[in-house]
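Take a look at the structure below.
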């Protein structure tokens, strides 16, 4: 079902991108009185672009993914799309989506839902997960709650009785009870009154849930990019639960035997055994878990790394070879003989143990401790697992702060592509304006603007960003403004300048000037449309640069705020856990590489389709 819904969402994104958005754009333009006509040459170029399959398919993929990502709040979120309790209803994920779209307004929709309004006593924010659990199993959820509250009422009644008895004894002796004792009695009676009120309402609340008066609709994936996965056993980061070739190991189990007297790099080592050779491959990482087997995993105690392994046959051969030396002890000194006997006894014990549990197919090995939870010991005969999460529990694992990696990658894609679009749009607008003025007017205007660009371009971009980031915490729009002002407009300026110089000398421009058309109209209506081919061809490659710039700044710690999903920050975390959790590096690198590769294919197709040499001929 999950796969089917995912395919439907992606198909909807493609349909919206290729049909819905163009139709909406044409409709709005027609209502506003705008009419867009494409020249035969432009239509020919567009047809040629569609014929370049690698570029056109890449364009469909990138634009469809970005369009779909605009709705991530209702697709990938830890807040439900809709909740209902009696006559009360709310749409938390839809509110999040509206707040994202209306970014220019400071939080127009409140994101707070009071627990008391949805059948869970209290004035704090509603726990959507707890609410969803009650909706899924109201009978099973209310049983423990009822027992807990009845027990609390019993304990409180006993406390009141004891306090009252103590006060009565003091009064009988002629002593005045202390003020704090009377205050405690009054407070306990008030608590009992409130608890009785809750118990009276408890049956009413239960009836609403049992009768179907409460419901919840979750997004496709129930975890967001900002909340920690406290529901997972062990400590963050977690490895991917989804089988990914080359990233996640095959699902294997082993058994912890005992600690050895040897160490590797100062770290303790343990004897382990497994059923087959593939389970104990040197370099294989195992989690030491509490639970496992037929029981659910409740915690992760530590991590072991297999350093060496041997099968039953190899162990028997090693024991036999050592026995030959023991049969001639006169050739050995005292220390060597004692060490040999100790090693032989240990190997015989291992052989007996592995044959007892796994027969002749078993495998034993030595594993080094990579990590161990503070204050916890490895359990005797503990279960070792290469993966301890269900397939869809955390498909791509979690970050070092326990945040699900899948939402981080998806939201990071939207932020990266949106950032590049904003920087390119505003930067190209500013660059086209500056280049048009330079190329059209020339003279001192051109010279002065060139000198200004040369001076401005010599400003060290990274150092300036570092200085600004140390003073203020840059957000999304501040980074867009910085990149536009400092860099993105300058490169396109010279291209437009050259095109304006070339086009200005042509007869159609001189004819327009001669008829009294204003400079602004000549620049915008006559010269600019014929000067845009180099700019359009350059745009996809600039797009790549701006995505890379944001990822680089985030990686260095000078980018988006820590609460915003970011590929660069995830990559930075990955380098801290490179040996234990390489997925934190591989996954963002793969996402970045695939995105940039697709955009480069689009750029190559655009450059080939808009190449004027294809449509020219010698006369």
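Numbering (the working numbering), first residue to last: -8 to 610.
Cβ atoms here follow ideal geometry from the backbone N, Cα and C, with glycine treated the same way.
- Two segments are said to touch when three or more pairs of C-beta atoms, one from each, lie closer than 8 angstroms; by this definition the segment 43 to 52 does not touch the segment 158 to 174.
- Ranked by Cα distance from residue 208, the options 126, 155 and 224 are led by 126.
- Our two residues, residue 155 and residue 183, have alpha carbons roughly 14 angstroms apart in a direct line.
- For residue 132, same chain residues with a beta-carbon under 7 angstroms away, outside a window of 5 residues either side, are 124 and 125 in chain order.
- By alpha-carbon distance to residue 427, the top candidate from 248, 521 and 542 is 521.
- For the pair of segments examined, the segment 294 to 307 was found not to touch the segment 376 to 392: the number of CB pairs separated by less than 8 angstroms stays below three.
- Contact annotation: residue 77 and residue 107 have beta-carbon atoms that are not nearer than 9 angstroms.
- Membership of residue 569 in any alpha helix (DSSP H) is not indicated, and neither H nor E is assigned to it by DSSP.
- Under a 10 Å Cβ-count criterion, residue 348 is classified as exposed, with fewer than 16 other Cβ atoms of the shown protein chains found around its own Cβ.
- Under the three-state reduction of DSSP, residue 388 is assigned to coil, being neither helix nor strand.
- Residue environment for residue 197: buried (at least 16 other C-beta atoms within 10 angstroms of its C-beta).
- For the pair residue 232 and residue 379, the Cα-to-Cα distance works out to about 8 angstroms.
- Per the coordinates, the alpha-carbon of residue 544 lies some 8 angstroms from the alpha-carbon of residue 551.
- Fully enclosed beta strand (DSSP E) runs of no fewer than 3 residues occupy 276 to 283 and 286 to 302 of the segment 274 to 329, in order along the chain.
- As summarised for the segment 116 to 165, the continuous alpha helix (DSSP H) elements at least 4 residues long and confined to that stretch are 119 to 127 and 129 to 163, given in chain order.
- For the 9 angstroms CB-CB criterion, residue 369 and residue 279 form a contact.
- By the Cβ-count criterion, residue 67 is buried, with 16 or more other Cβ atoms from all chains shown falling within 10 Å of its own Cβ.
- Relative to the Cα of residue 393, the nearest Cα in the group 101, 229 and 553 belongs to 229.
- By the beta-carbon neighbour count (other beta carbons within 10 angstroms, threshold 16), residue 404 is buried.
- Around the beta carbon of residue 497, fewer than 16 other beta carbons sit within 10 angstroms, so the residue counts as exposed.
- The DSSP-derived three-state label of residue 89 is helix.
- Separation of residue 337 and residue 316 (C-alpha to C-alpha, rounded to the nearest whole angstrom) is 16 angstroms.
- Setting aside the 5 residues that flank it on each side, residue 60 is surrounded in the same chain by 401, 402, 404, 405 and 408, each with a C-beta closer than 8 angstroms to its C-beta; the list follows chain order.
- Taken through DSSP and simplified to helix, strand or coil, residue 8 comes out as helix.
- Distance from the CA of residue 210 to the CA of residue 63, rounded to the nearest whole angstrom, comes to 9 angstroms.
- Annotation: the segment 471 to 503 contains the following complete segments of the alpha helix (DSSP H) (minimum length 4 residues), in chain order: 481 to 495.
- Pairwise C-beta distances place the segment 20 to 29 out of contact with the segment 509 to 519, as fewer than three of them are shorter than 8 angstroms.
- Contact check for residue 483 against residue 419 passes: the beta carbons are separated by less than 9 angstroms.
- Sequence-distant Cβ neighbours of residue 271 in its own chain, meaning closer than 6 angstroms and more than five residues away, are 265, 297, 300, 354 and 356.
- Between the beta-carbon of residue 377 and that of residue 240 there is about 4 angstroms, and that keeps the pair under the 8 angstroms contact cut.
- With respect to residue 371, residue 247 sits close: the two C-beta atoms are nearer than 9 angstroms.
- Excluding residues up to 5 positions away in sequence, 531 and 532 lie with their Cβ nearer than 6 angstroms to the Cβ of residue 594 in the same chain.
- The DSSP-derived three-state label of residue 358 is strand.
- In the displayed model, residue 242 falls within coil according to three-state DSSP, outside both helix and strand.
- Leaving aside the five residues that flank residue 367 on each side, the residues in its chain whose CB is nearer than 7 angstroms to its CB run, in chain order, 292.
- Non-local C-beta neighbours of residue 89 in its own chain, meaning closer than 6 angstroms and more than five positions away in sequence, comprise 100, ordered along the chain.
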